[in-house]
Amino acid sequence: MPRPRRIDAPGYPQHIVQRGNNRQAVFFSTCDPALYLGLLRDCANEHRCRIHAYVLMGNHVHLLVTPDAPGGISRMMQAVNRTYVRHVNERERRTGSLWEGRFHSTVIDTDRYLLACQRYIELNPVRAGMVAHPGDYRWSSYRANARGRSNALLVPHSAFELIAADVEARRSRYAEFIEQGVPAGDLTAIRRALQSQRRLTETLVGSEPFRFAKGI
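Structure representation (C-alpha cells):
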C-alpha cells in the first residue's frame, strides 16, 4: 500500500510525530532529551521552522511546527535525527536505525484547531500516566507556554497570542484551557489525522479552541 503523500505547506502549522524504530526507546540517559532539544533549536533556525509546542516521550516525540520555507520540516527533521542518532550510537556503542524511517505529520487549520492540538501535545505525559499534571513533566513546552519559563526553542503562534493581550492573563487562561483536558472526539480526530497524514479540518469537534483564542 503506497504511503500517503506528505503535504508541504509553508506558513501553515503541522503536528509532527516521530517514533522510535519498532516503538523502542529513543532517549537512553538524562542528557539525551536536552541534546535533542538543542539540536532541534539549531536545525529549526537553520531551516526556517518555528516550534510552538513539543513533548519528548520515552519512545517518540510530538512537535507543533510552522515551516516558513518549502521542505523546511523535512530538512529540519532529517538534520536533527541524523546528528542525534550519531551521538547516541557512538555513546551507546550501538549501530543501525534509531527512528522510524518516516515521521508522521498533519497540517492544522490554524485558526480553529491549533490550540486543541497544542493541548493534545502537552497533555501527552498525563494521558500516558507518567505525571498527574503537565507542569510536573520536564520535557515539554507546557512550563513555558503556561508558566512563562524561559525557553529559547519556542516561538508562540499567533493563535496562542490572541488568547489575551496581557502576557500573564494569556498564560492563566491557557492553563485553564489545559485543565479542561482533551475531549474524546478531539483525541480521535487528531489521531486519525496523524494516521492518515491528512489535513486536520472539520473532523475535529472542538470549536472551543477557536472561541477561546478569539476571546468570545
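Numbering-wise (my numbering), the sequence shown opens with residue 5 and increments by one. Think of the CB as a built atom: it goes at the ideal place given N, C-alpha and C, for glycine as much as any other residue.
Item to check | Under the three-state DSSP convention, the category T70 falls into | outcome: Within the sequence shown, numbered from 1, the residue matching residue 70 stands at position 66. Strand, per DSSP.
Item to check | Contact set for Y124: own chain, Cβ-Cβ below 6 Å, skip 5 residues either direction | outcome: Counting from one through the sequence shown, the residue named residue 124 turns up at place 120. Once the five neighbours on either side are set aside, the close Cβ partners of Y124 are V186, I194.
Checklist entry - What separation, rounded to the nearest whole angstrom, lies between the Cα atoms of R23 and L157? => result Here residue 23 is taken as the residue at index 19 of the sequence shown, counted from 1. Here residue 157 is taken as the residue at index 153 of the sequence shown, counted from 1. Cα-Cα distance, rounded: 21 Å.
Next on the checklist: So, at 6 Å on beta carbons, what are the nonlocal neighbours of V111 in its own chain, with the 5 sequence-adjacent residues on each side left out?
Outcome noted: For the purposes of this step, residue 111 is identified with residue 107 of the sequence shown, where counting begins at 1. Within the same chain, V111 has close Cβ partners I11, A13, Y16, Q18, R203.
Checklist entry - Quick one: Cα of S176 to Cα of I182, how far? => result One-based indexing of the sequence shown puts residue 176 at position 172. One-based indexing of the sequence shown puts residue 182 at position 178. Rounded to whole angstroms, the separation of the alpha carbons of I182 and S176 is 10 Å.
Item to check | Three-state class that DSSP yields for T87 in the structure shown | outcome: Your numbering for residue 87 matches position 83 in the sequence shown. Helix at T87.
Item to check | Proximal residues to N25 (C-beta, below 7 Å), its chain only, five neighbours per side dropped | outcome: If you number the sequence shown from 1, residue 25 lands on position 21. S101, L102, W103, E104.
Item to check | Residue interval of the alpha helix (DSSP H) (run including A57) | outcome: In the sequence shown, the residue the question calls residue 57 occupies position 53. Taken as a continuous stretch (DSSP letters only), A57 belongs to no alpha helix (DSSP H), being part of the beta strand (DSSP E) at 53-60.
Checklist entry - Residues bridged to Q184 by DSSP? => result For the purposes of this step, residue 184 is taken as residue 180 along the sequence shown, with counting starting at 1. None; Q184 has no bridge partner.
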